[in-house]
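Protein chains in written order, with my numbering: chain Z, 1 to 341; chain U, 1001 to 1341; chain P, 2001 to 2341; chain Y, 3001 to 3341.
All C-beta atoms, glycine included, are put in the ideal place defined by N, C-alpha and C.
Number of protein chains: 4
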Amino acid sequence: MDIIVLKPRASEKEKKHIIKRLESLGLEATVSKGTERTIIGVIGNTSKVNEEVENSIRAAAGVETVMRILKPYRLASREFKKTATTVKVGKQVIGGKKICVIAGPCSVENQSMMVEIAKEVKKAGASFLRGGAFKPRTSPYSFQGLGEEGLKYLALAREKSGLPIVTEIMDPRDIDVIEKYSDVIQIGARNMQNFRLLLVVGESKKPILLKRGLSATIKEWLMSAEYIMSRGNMNVILCERGIRTFETATRNTLDLSAVPVLKKLTHLPVVVDPSHGVGIMEHVSPMAKAAVAAGADGLVIEVHTHPEEALSDGEQSLRPDAFKQMMKELKPVAQAVGREI
Amino acid sequence: MDIIVLKPRASEKEKKHIIKRLESLGLEATVSKGTERTIIGVIGNTSKVNEEVENSIRAAAGVETVMRILKPYRLASREFKKTATTVKVGKQVIGGKKICVIAGPCSVENQSMMVEIAKEVKKAGASFLRGGAFKPRTSPYSFQGLGEEGLKYLALAREKSGLPIVTEIMDPRDIDVIEKYSDVIQIGARNMQNFRLLLVVGESKKPILLKRGLSATIKEWLMSAEYIMSRGNMNVILCERGIRTFETATRNTLDLSAVPVLKKLTHLPVVVDPSHGVGIMEHVSPMAKAAVAAGADGLVIEVHTHPEEALSDGEQSLRPDAFKQMMKELKPVAQAVGREI
Amino acid sequence: MDIIVLKPRASEKEKKHIIKRLESLGLEATVSKGTERTIIGVIGNTSKVNEEVENSIRAAAGVETVMRILKPYRLASREFKKTATTVKVGKQVIGGKKICVIAGPCSVENQSMMVEIAKEVKKAGASFLRGGAFKPRTSPYSFQGLGEEGLKYLALAREKSGLPIVTEIMDPRDIDVIEKYSDVIQIGARNMQNFRLLLVVGESKKPILLKRGLSATIKEWLMSAEYIMSRGNMNVILCERGIRTFETATRNTLDLSAVPVLKKLTHLPVVVDPSHGVGIMEHVSPMAKAAVAAGADGLVIEVHTHPEEALSDGEQSLRPDAFKQMMKELKPVAQAVGREI
Amino acid sequence: MDIIVLKPRASEKEKKHIIKRLESLGLEATVSKGTERTIIGVIGNTSKVNEEVENSIRAAAGVETVMRILKPYRLASREFKKTATTVKVGKQVIGGKKICVIAGPCSVENQSMMVEIAKEVKKAGASFLRGGAFKPRTSPYSFQGLGEEGLKYLALAREKSGLPIVTEIMDPRDIDVIEKYSDVIQIGARNMQNFRLLLVVGESKKPILLKRGLSATIKEWLMSAEYIMSRGNMNVILCERGIRTFETATRNTLDLSAVPVLKKLTHLPVVVDPSHGVGIMEHVSPMAKAAVAAGADGLVIEVHTHPEEALSDGEQSLRPDAFKQMMKELKPVAQAVGREI
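#1: For the segment 11-33 of chain Z, enumerate the residues whose C-beta is nearer than 7 Å to any C-beta of chain P, in chain order.
#2: Expressed to the nearest angstrom, what Euclidean distance is found between the alpha-carbon atoms of Glu36 (chain Z) and Glu2052 (chain P)?
#3: Would you check if the distance between the CB atom of Gly3096 (chain Y) and the CB atom of Thr3083 (chain Y) is smaller than 8 Å?
#4: Return the first residue and the last residue of the beta strand (DSSP E) that Glu1302 (chain U) is part of.
#5: For Phe323 (chain Z) and chain Y, any beta-carbon pair shorter than 8 Å?
#6: Beta-carbon within less than 7 Å of Ala2061 (chain P)'s beta-carbon, same chain only, minus the 5 sequence neighbours each way: which residues are those?
#7: Rounded to the nearest angstrom, what separates Ser1127 (chain U) and Gln1092 (chain U) at their Cα positions?
#8: Give me the DSSP bridge partner(s) of Ser2077 (chain P).
#9: Do you know whose CA, among Z:Glu120, Z:Ser215 and Z:Glu148, lies nearest Gly132 (chain Z)'s CA?
#10: Fully enclosed by the segment 2192-2271 of chain P, which alpha helix (DSSP H) runs are 4 residues long or longer?
#11: Using a threshold of 7 Å, is the CB atom of Gln1316 (chain U) nearer than that to any non-hydrogen atom of the ligand MN?
#12: Is it buried or exposed, Gly3090 (chain Y), if we count other Cβ atoms within 10 angstroms and call 16 or more buried?
#13: Could you spell out the range, first to last residue, of the beta strand (DSSP E) harbouring Lys1088 (chain U)?
#14: Taking Cβ to Cβ, would you say Cys3239 (chain Y) is nearer than 8 Å to Lys3211 (chain Y)?
#15: Taking the alpha helix (DSSP H) that Ile2117 (chain P) falls in, what are its first and last residues?
#16: CB-CB under 7 Å to Ala189 (chain Z), same chain, minus the five flanking residues each way: which ones, in chain order?
#17: Among U:Gln1144, U:Lys1071 and U:Lys1160, which one has its Cα closest to the Cα of Ile1169 (chain U)?
#18: CB-CB under 7 Å to Glu1308 (chain U), same chain, minus the five flanking residues each way: which ones, in chain order?
#19: Please name the residue or residues paired with Met1326 (chain U) in a DSSP beta bridge.
#20: In chain Z, which residues lie with their C-beta within 7 Å of the C-beta of His1267 (chain U)?
#21: When DSSP labels each residue in this structure, what does Glu2054 (chain P) get in the three-state scheme?
#22: Listing by chain order, which chain U residues have their CB less than 8 Å from the CB of Met3067 (chain Y)?
#23: Using CA atoms only, rank isn't needed, just tell me which of U:Glu1120, U:Glu1159 and U:Val1177 is closest to Leu1146 (chain U).
#24: How many Å lie between Ile1228 (chain U) and Asn2235 (chain P) at the Cα?
#25: Just the C-alpha distance for Glu12 (chain Z) and Ala1216 (chain U), rounded to the nearest angstrom, thanks.
#26: What did DSSP end up calling Lys3007 (chain Y) once you bin it into helix, strand or coil?
#27: When you check each C-beta in the segment 3185-3202 of chain Y against every C-beta of chain Z, which residues fall closer than 7 Å?
#28: List, in order along the chain, the chain P residues whose C-beta lies closer than 7 Å to that of Thr1138 (chain U)?
#29: Helix, strand or coil: how does DSSP classify Asn2280 (chain P) here?
#30: Contact between the segment 1316-1335 of chain U and the segment 1269-1279 of chain U: three or more CB pairs below 8 Å?
#31: Using a Cβ-Cβ cut-off of 6 Å (strictly less than) and excluding sequence neighbours within five positions of Ala2155 (chain P), which residues of its own chain qualify?
#32: What does the alpha-carbon distance come out to for the pair Ala2249 (chain P) and Arg2173 (chain P)?
#33: If you check the beta carbons only, do Ile3208 (chain Y) and Ile3094 (chain Y) fall under 8 Å apart?
#34: To the nearest whole angstrom, what separates the beta carbons of Ile3374 (chain Y) and Ala3029 (chain Y), a pair I think is in contact under 8 Å?
#35: Return the chain-ordered ranges of every alpha helix (DSSP H) run that is complete within the segment 3115-3180 of chain Y and spans a minimum of 4 residues.
Here's what the structure looks like:
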């Protein structure tokens, strides 16, 4: 059902033109004449009213505004699938009772560091290892990642620790090499509306961790999930990582309300990345607890053995001992909301 | 300590002019000459470099930018007072081990409703009763509050329930009547930079609940606390209530990161209002839990016996039974972070 | 006309309850049943559906959302008054063919400076003199203005230059003294939703320059104009002065699109303040030209004889010669869009 | 030159550790000890202090904050190249005295429409034809563009009208086909930080029209230009197209201040797209005039012969007659600021 509001002085001819247009699409129009405005309610399979039709009706003479009531995403919606989706990766389940923690450095820097961190985070209770081999960096002069070599280090770290791997894809041309080494493929915030990349990972068999764009609305985010799902890959994990606002005390503004909002709108699991969200080491742990209390299914935490030597995002990485402490403190919070960690 | 960065082609004369200006203020200047820029470090009691001096130096010939390192607030800062401030109101303490819950309707509507809600929230474990007698409303045609009559109903509800009262002031001319009936005076989000009002409540003996402005940075918010404290009233409670962003799925974006950030910058207690922050009844409880997990000292929760008949903000009010349920669920979360409720 | 969208599984009883509620308000309900949602169109004098009723309907069982179609402001709307409002002050007219330029320092600092600047801006073609005697400052330790003494200097400068005066009110208690000396009363950005102050100036006979709040939507801004107009003062001038966004290269983001948008929604004159909007001296002139090209009825420009000694906002003030140059360059731009200056 | 501010209680050892780190990078450190903070000025070729080094210093013990003074972009900066860059395409020059107008539909829809629009906009004075064959759409169910077929229609329209073509690339894998047909390659707002795509077009011989990201700061935007230029392609045209803010009256908030700000920071030409910026047909013309008055080197305008049948963005497209009228009205504005059109 959609609603078309006519301008106060829309002519009878304009009104009829719109109704005819709707009928030509197989839709039914019900006209309500108020004292100041006339409204056309659109009945029928309004999923036919896609963006193009909507825009063209909005541009038609006599139309003041068009309001859409149905959500523009379908596969991602709770209406489509009532039960919560759980994403299984080896023995791990994202979206179940257990809060999954995905931990590791921002970038893969070298082999021994990767293995060391993997063992440390595994010991502290992490379920997944993260690390970027292809890195989106704002400067062309910054370290861009080790590429396939980095993926190999990740694979070795998986072998040594038993932890499945989450790593980022930046380019459709890298899909084969990323698929070869990863267990979960990450779409970074800056690529949330890289639609071609979404279609490519939509054809992959690997689960996708879809980060929210810096200025993406929750609706746009779910539309990006829909892109992936429309190609057949239903294993999408949403990751809140902070949005851009006027506040500069934190790197981004972590939008934890997105967790309960998403839980209502979609069946997909939701995880939170407080490291990028806040960007300051000492505030990661309180925000991780808050995320779990708000109902998140998992956490993404940057851990580095030597943050002051990290090739990226050192400022927001926890040292292994701080990570261990955080994991310990998370346990009672998880239990308090009926989860485990 | 402040830093003045000169333009690449600033002249010797311009440089000397600035140094002389600094020296005339009793400050010392240290010049560092880099390969591309010259920098003047300002040493001494730079609190003398107030906004006016800063702006005028910024406007001086040859200056590219001025960077301030010291915080512009003093009384509100952790440097000024290392220990956490606790605000005592009767038997209640805000900022102690116990999470204080301030509950009640948005507006005071009538006497029996006020008394009924007061008893209900008291029974469920609230520590304070809230309710507005003077209401800031975006429309001049909306209900503007009952005024002194509303304050009397609040006082009666306090008598019947034993709960101290939090109520909002909107106008310096109302200070006497507000002081007469209230236990804590609220400054609403839209008045966070109503500086005259801040000065007036700064001279009051009552504690002040200072809500964050819709687009206020944390620094500006602390400057508003400083206004109040500069007049002698040290009992300021900061209340995060959501900021304005591009996201429309929630009424505002509740910035929970503000809690740990404030805990580091200031000694003042911090409470969170998830009702206004999110604006949707069913998401209040998860965000209340998240606030407690993030380290908040208290919560402000809208409760109404008949939300669908409320004269304001019905959509975000909890019914007493939902409030009771929330309080029950908050208990283990508070314990998980070493607090009680 | 308003629209109430019911939840997919709203019961017949819930639907009837809402319809009864509407009928009790003297409104008519038309029900449209779509394949997935039922929609209730509200017909009749929906101005009765004020904020309270709207919120309570939104909180009623079975309701998914409420959409309002009519604008919540009436007196400020183009529907209410089709012809453009012109505000007359002495021989000056704001909203006519001539672009009015309101120029002067941020703060009144001393008598001779005020008279000097007044003469300079008059000579360069300004129509009004501005200057603050009561200054809203983020820090309690900053210069707060000279108060009545400053107003006297402004009056003297008016006498010497012939320019009418625009000055800011911050506190309802100052209305008498402000009215005594000013020709136009300014409501600053931070007080745009200081509703009590709006009501006070709504009862004044002086025209009001209403600055847009830092994070105010255009709709909220017009609601604040409506507050003033609802008390009988129809001479409201809207002033765009930049909104708060994530961008830090400029002090605020000057939203020039607000000019054509307002011209369509309201009959009130619209002026633009590029000095506060951009906050950087050298960018004031291009943005002033852009404002005129976009259709603004006037400009507010900070001018100071010695910006580097200004007690506030020196960084964004033009020197008289730069102001003169800007006025010269504005002339052909004004002519290009059928105006004069 | 960079500045490192130490924490109030940073130890001597921590300070020395940082100085040693700087010296190991071939940099010199000058220490200024204030009464409350110690500051380390970094002298030498601080371009060695890239993001990694900066982050790691920020994460080092004893460090409060790091401030960078030099701009992180080099090739794009005015310091690097003082004279304005002009981009030549056939007989057209972007960045010269003439304001270049790039006009056409959002999407290429069919052959006859493309040819018709091309002839119309040419006649009205446009310098370039735009049209998307690959379309980034928020919904996977929306029209995604005609692909190569659309490029062929564009080429035909160029042949018939003589206008060079601007068209968007979305995927590195499309570079060959896009290069084959286009004269200027567009990077859309959503791909501004698709870094791999930037590197690919950085190796192209075609000029690049780089749209600003929805929530990109001006600095980030210039860093994306730097990505392209770092690969050798110096012909980058910056296009302001509106940023995302809280305001919903317009589709985006057109940030015209970006024009003078960019003119100071960079030598690259700057154009403005008021169609996407405002998103409402009737406001395109005033904002186009404002853009020219602010100093823009060109405009991007959506023109469609039948907006109400457009397959995308119909609401913001001008009809040819409205476009012709706008071009006529732009002429005196361009002259008023010393340009022609």
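On the basis of the coordinates in this document:
#1: Of all residues in the segment 11-33 of chain Z, Thr30 and Ser32 have a Cβ within less than 7 Å of some Cβ in chain P.
#2: A straight-line Cα-Cα distance of about 22 Å links Glu36 (chain Z) and Glu2052 (chain P).
#3: No, the pair does not count as a contact, with Cβ atoms beyond the cut-off.
#4: From DSSP, the beta strand (DSSP E) with Glu1302 (chain U) extends over Gly1298 to Glu1302.
#5: Interface with chain Y (8 Å Cβ-Cβ cutoff): Phe323 (chain Z) is excluded.
#6: Closer than 7 Å at Cβ, skipping near neighbours: Glu2014.
#7: Their Cα atoms are separated by approximately 7 Å.
#8: Paired residue(s): P:Thr2266.
#9: Closest by alpha carbon: Z:Glu148.
#10: Correct list: 2195-2202, 2218-2230 and 2258-2265.
#11: No copy of the ligand MN occurs in the structure displayed, which carries no ligand at all.
#12: The residue in question, Gly3090 (chain Y), is exposed, as its Cβ has fewer than 16 Cβ neighbours within 10 Å.
#13: Note, Lys1088 (chain U): beta strand (DSSP E), Val1087 to Val1089.
#14: Yes, Cβ-Cβ distance for Cys3239 (chain Y) and Lys3211 (chain Y) is below 8 Å.
#15: Unbroken alpha helix (DSSP H) run through Ile2117 (chain P): Gln2111 to Ala2124.
#16: Here Ala189 (chain Z) has Lys211, Arg212, Gly213, Leu214 and Arg241 as same chain residues with Cβ atoms under 7 Å from its own Cβ, once five neighbours each way along the sequence are excluded.
#17: For Ile1169 (chain U), the nearest C-alpha among the options comes from U:Gln1144.
#18: Cβ within range, chain order: Gly1314.
#19: DSSP output for Met1326 (chain U) lists no bridge partner at all.
#20: By Cβ distance, chain Z contributes nothing, its closest Cβ being about 17 Å from His1267 (chain U), past 7 Å.
#21: Annotated three-state conformation of Glu2054 (chain P) is helix, per DSSP.
#22: At a beta-carbon threshold of 8 Å, the residues of chain U lying near Met3067 (chain Y) are Ile1003 and Met1067, ordered along the chain.
#23: The residue among U:Glu1120, U:Glu1159 and U:Val1177 with its C-alpha nearest the C-alpha of Leu1146 (chain U) is U:Val1177.
#24: Roughly 35 Å between the two C-alpha positions.
#25: Per the coordinates, the alpha-carbon of Glu12 (chain Z) lies some 49 Å from the alpha-carbon of Ala1216 (chain U).
#26: Here Lys3007 (chain Y) sits in coil by DSSP.
#27: Sequence-ordered contacts of the segment 3185-3202 of chain Y with chain Z read Arg3190, Asn3191, Gln3193, Asn3194, Phe3195 and Arg3196 [C-beta pairs closer than 7 Å].
#28: Neighbours of Thr1138 (chain U) on chain P, chain order: Glu2220 and Met2223.
#29: One point to set straight first is that residue 2280 (chain P) is Ile, not Asn, in the sequence displayed. It is coil, neither helix nor strand.
#30: Enough Cβ pairs lie closer than 8 Å, so yes.
#31: Cβ neighbours of Ala2155 (chain P) beyond the five flanking positions: Tyr2181.
#32: Ala2249 (chain P) and Arg2173 (chain P) have their C-alpha atoms roughly 38 Å apart.
#33: Going by C-beta atoms, Ile3208 (chain Y) is not nearer than 8 Å to Ile3094 (chain Y).
#34: As shown, chain Y starts at 3001 and ends at 3341. That puts residue 3374 (chain Y) outside it, with no answer to give.
#35: Here the runs fully enclosed are 3148-3161.
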